[in-house]
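A.B. asks: In our numbering, the protein residues as written are 7 to 353.
C-beta: ideal position from N, C-alpha, C; glycine also.
Everything numeric in this text was worked out from a predicted model, so none of it was measured.
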Ligand SMILES: NC(=O)c1ccc[n+]([C@@H]2O[C@H](COP(=O)([O-])OP(=O)(O)OC[C@H]3O[C@@H](n4cnc5c(N)ncnc54)[C@H](O)[C@@H]3O)[C@@H](O)[C@H]2O)c1
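(1) By the 10 Å Cβ neighbour count, where 16 or more other Cβ atoms means buried, how is residue 348 classified, buried or exposed?
(2) Comparing alpha-carbon positions, which option in 272, 121 and 186 lies nearest residue 77?
(3) Report the residue ranges of all beta strand (DSSP E) runs contained in full by the region 259-304; include only those spanning at least 3 residues, in chain order.
(4) In the DSSP assignment, find the alpha helix (DSSP H) that holds residue 175 and state where it starts and stops.
(5) Taking the C-alpha atoms as reference points, what is the distance between residue 95 and residue 17?
(6) Provide the residue span of the beta strand (DSSP E) that contains residue 133, from first to last.
(7) With a threshold of 8 Å, establish whether the CB of residue 23 neighbours any heavy atom of ligand 1.
(8) Got a sec? Which residues, its chain only, sit under 6 Å from residue 169 by beta carbon, not counting five neighbours each side?
(9) Could you pull the start and end residues of the beta strand (DSSP E) that residue 44 belongs to?
(10) Thinking C-alpha only, which one of 269, 109 and 58 is nearest residue 129?
(11) Please determine whether the Cβ atom of residue 187 lies at a distance below 8 Å from any heavy atom of ligand 1.
(12) Check for me: the alpha helix (DSSP H) holding residue 27 runs from which residue to which?
(13) Would DSSP call residue 204 helix, strand or coil?
(14) According to DSSP, is residue 146 part of a helix, a strand, or is it coil?
Structural data, given as structure tokens:
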């Protein structure tokens, strides 16, 4: 097995989006060259403008499944690593428009992988999700990477298919003797904003609990609906594992630097403990000083009561643990950015 070249030039798909822009910033801060490909369908050119001031960034507005465009970029920018964040990620929308999700999340990823294989890019890191686990029973909590993957919506399934294709690509590279390594990072609930306040989270529509609660604190909505208050959890509301976006990005750098030829690594990325919906509301009230109203609502289809990660594997292999372990601190970073950008990136 040959050694992979050191990572220096990274193609960041979806780099105008929430997590991709945070990753791009961290890569620039560490001296890497960054090339972003994003359709801007859900991303923000304003985030790219911030990145431009931080180092060597090239931005192309295109679909990451456009093989000719990707091959041109790989060649022109001597890409040695692909971090693949681009995706549509609204679960409800994926139920309403499943084919759009399979075409974009699975189809474009396959074309991207083909371009990577054609050009011989040796390192590929894929943003997967705990949604690939579906509704794991209590016997699987905390969730390890060996928990059976049984997604219950097209979003989760569209991501699982990419994981499977990536494994096949690894096998085929090994058989052909072509240097290649990949990592699949299954994120739990990503939250917060860049600690330096340069970047933030802005989805439209926003489906993530913390920005929704903060939106209420900022007066953009009257109250927050709590979907289900009769779950078998201590306060009756759903429990999720919230990981700060900066910590998540550190996990990408750690795995990128650790990958060796032939590796096919899978890591869950979460803190290892859960926070309930009511606890998030309380944290938002503490941080903002606003008594955000919560309205008890019905359960949503397909919302498991409790999901949280077992972080053992990533800690043992990469020495990674979430640095920000307090929900108040996560909320504080998001609130800071929101106050500076009351209308999101368009402010
Ligand atoms: N946010 C979370 O809590 C979370 C949790 C688990 C997994 N993930 C995964 O992390 C990744 C990033 O999520 P995010 O919250 O930053 O989403 P986001 O919507 O903020 O960013 C995604 C970006 O990808 C772009 N994009 C979508 N399809 C594209 C395509 N075919 N070609 C080029 N660009 C395309 C969008 O325009 C957007 O800028 C996604 O793959 C998502 O599935 C996110």
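C.D. replies: In terms of the structure at hand:
(1) exposed
(2) 121
(3) Counting whole runs of 3 or more residues, the region 259-304 contains the beta strand (DSSP E) stretches 270-275 and 299-303.
(4) Annotation: the continuous alpha helix (DSSP H) that includes residue 175 extends over 160-182.
(5) Cα to Cα, the separation comes out at about 20 Å.
(6) 129-135
(7) yes
(8) 134 and 190
(9) 39-44
(10) Per the Cα distances, 269.
(11) no
(12) 24-35
(13) In this structure, residue 204 counts as coil in the three-state DSSP scheme.
(14) helix
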